[in-house]
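Protein chains: 2
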Amino acid sequence: VKRTLIIVAHGSRRQASNDEISELAKKVMKFANGNYDEVMCAYLEIASPSIPQAIEQCIDNNANSEELEITILPYFLAAGRHVTEDIPHEVDRVSRPLNNVNICIKPHIGSAENMAETILAISR
Amino acid sequence: VKRTLIIVAHGSRRQASNDEISELAKKVMKFANGNYDEVMCAYLEIASPSIPQAIEQCIDNNANSEELEITILPYFLAAGRHVTEDIPHEVDRVSRPLNNVNICIKPHIGSAENMAETILAISR
Numbered sequence: 146v147k148r149t150l151i152i153v154a155h156g157s158r159r160q161a162s163n164d165e166i167s168e169l170a171k172k173v174m175k176f177a178n179g180n181y182d183e184v185m186c187a188y189l190e191i192a193s194p195s196i197p198q199a200i201e202q203c204i205d206n207n208a209n210s211e212e213l214e215i216t217i218l219p220y221f222l223a224a225g226r227h228v229t230e231d232i233p234h235e236v237d238r239v240s241r242p243l244n245n246v247n248i249c250i251k252p253h254i255g256s257a258e259n260m261a262e263t264i265l266a267i268s269r
Numbered sequence: 146v147k148r149t150l151i152i153v154a155h156g157s158r159r160q161a162s163n164d165e166i167s168e169l170a171k172k173v174m175k176f177a178n179g180n181y182d183e184v185m186c187a188y189l190e191i192a193s194p195s196i197p198q199a200i201e202q203c204i205d206n207n208a209n210s211e212e213l214e215i216t217i218l219p220y221f222l223a224a225g226r227h228v229t230e231d232i233p234h235e236v237d238r239v240s241r242p243l244n245n246v247n248i249c250i251k252p253h254i255g256s257a258e259n260m261a262e263t264i265l266a267i268s269r
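Chains as they are written, first to last, in my numbering: chain A, 146 to 269; chain B, 146 to 269.
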């Protein structure tokens with residue numbers, strides 16, 4: 146099984162904000178420790194790749210793999226419409242056949258167990 | 146010295162999103178372990194209290210304290226205009242006298258050291 150994590154951010158007109166996400170994806174890959182073969186990022190709006198583009202790229206990259214697991218991580222602080230409706234809708238727009246591809250959407254980052262500790266750490 | 150942490154979120158038309166922040170503030174207070182006497186939240190837009198309202202409330206609450214330290218934590222994932230310009234601007238709108246009040250704006254939550262680990266933890 147090949148495992149890919151796609152970090153989905155909102156997307157910004159500021160290139161620096163989008164770059165923050167791709168840098169973060171690289172950092173996550175460094176810490177992934179065998180949990181993922183690949184870490185990508187995608188943007189819900191404005192920037193590219195879009196969510197379907199990233200998923201299609203990932204499927205193309207792994208055309209020779211027997212099985213592919215794609216994990217979508219909504220990099221959003223609140224469970225608003227973007228998280229509950231727009232991201233699942235974008236995932237459904239993928240135009241590749243999905244045999245042997247398993248796509249799973251995880252909870253948004255704002256619901257992470259350790260967010261309170263993270264706030265305390267950065268506010269020190 | 147009295148220490149207050151104010152978590153500043155964007156603010157949403159969805160009450161549930163704003164409630165997520167006030168719940169988070171309570172959780173942070175629980176973990177604060179003496180680092181803060183009080184944890185509040187404020188919203189840059191749409192919801193209340195606004196940033197100046199929260200700071201003024203905090204100053205009123207601590208009117209009898211010799212010294213007050215207010216830490217502002219921008220609960221934003223990217224360092225966009227909201228973080229770099231709008232939050233400092235809102236802090237400057239406080240209408241109480243600031244003698245013996247020290248206000249410090251921390252980096253945005255998206256720049257937290259452990260964000261990569263948090264992503265890996267929630268995507269498992």
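Even glycine gets a Cβ: it sits at the ideal position worked out from N, Cα and C. Keep in mind the model is a prediction, meaning the values are calculated, not measured.
- Inter-residue distance for CYS249(B) and ILE264(A) is about 15 Å (C-alpha atoms, whole angstroms).
- Looking at the backbone, the Cα of ASP164(A) and that of SER268(B) are separated by about 21 Å.
- THR216(B) has its alpha-carbon roughly 11 Å from the corresponding atom of CYS186(B).
- Exposure of ARG238(B) is indicated by the presence of fewer than 16 other C-beta atoms within 10 angstroms of its C-beta.
- Between SER210(B) and LYS147(B), the gap from beta carbon to beta carbon is short of 8 Å.
- For the segment 179 to 197 of chain A, the set of residues with a beta-carbon nearer than 8 Å to any beta-carbon of chain B comprises ASN180, in chain order.
- Cβ contact annotation for GLY255(A) (same chain, cutoff 6 Å, sequence separation greater than five): LEU222 and ALA223, in chain order.
- LEU265(B) reaches chain A at VAL173, PHE176, ALA177 and ASN180, counting residues in chain order whose Cβ is nearer than 7 Å.
- Against chain A, the CB of ILE215(B) has no partner CB under 8 Å away; the residue lies outside that interface.
- Using a CB distance below 8 Å, no part of the segment 230 to 247 of chain A faces chain B.
- Per DSSP, ASN206(B) is one residue of the alpha helix (DSSP H) stretching across 196 to 206.
- The Cβ atoms of LEU218(A) and ILE152(A) sit closer than 8 Å to each other.
- Taking a Cβ-Cβ threshold of 9 Å, the residues of chain B close to ARG159(A) are ALA223, ALA224, GLY225 and ARG226, in chain order.
- Closest by C-alpha distance to SER162(B), out of GLU235(A), GLU262(A), HIS227(A) and ASN244(A), is HIS227(A).
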